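Numbering of the sequence shown is given in this note's numbering, commencing with residue 55 and proceeding in unit increments.
Even for Gly, the Cβ is constructed at its ideal location relative to N, Cα and C.
Since we're looking at a predicted model, the values are computed, not measured.
All remarks here apply to the structure that follows.
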Amino acid sequence: MFDNDRQRGKAILILTLISFLYYTVWVIGLPFIDHDRLRSLFYSHNLALTIPASAGLIFIGGLILFTVYHVKPYLSLGKTDKVE
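Right under this line is the structure:
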């Protein structure tokens, strides 16, 4: 789909900017908008904290798993004195 890293980087940047703008309008602007068709484009306010909190917990859990996986060989150095 993407030929090089530059195109991939631009696509990730655009996706991130769109997500940031959507979330900003959702959290900051939505309380000032009346109930109408535009309001149906956004989820309820309960999800405004649930989605980032869940994403943060998944990210932190992934970091912990990654760290434990890569540090585990070094924890047994006293027994074998080499890392495979």
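Limits of the alpha helix (DSSP H) - the one that Ser-108 falls within: If you number the sequence shown from 1, residue 108 lands on position 54. Its alpha helix (DSSP H) spans residues 100 to 129.
Cβ pair count under 8 Å reaching 3, the stretch 64 to 81 against the stretch 94 to 103: Yes: the two stretches touch, three or more of their Cβ pairs being nearer than 8 Å.
Sequence-distant residues of the same chain with beta carbon closer than 6 Å to Val-81, five excluded per side: Your numbering for residue 81 matches position 27 in the sequence shown. Contacts found: Ala-102.
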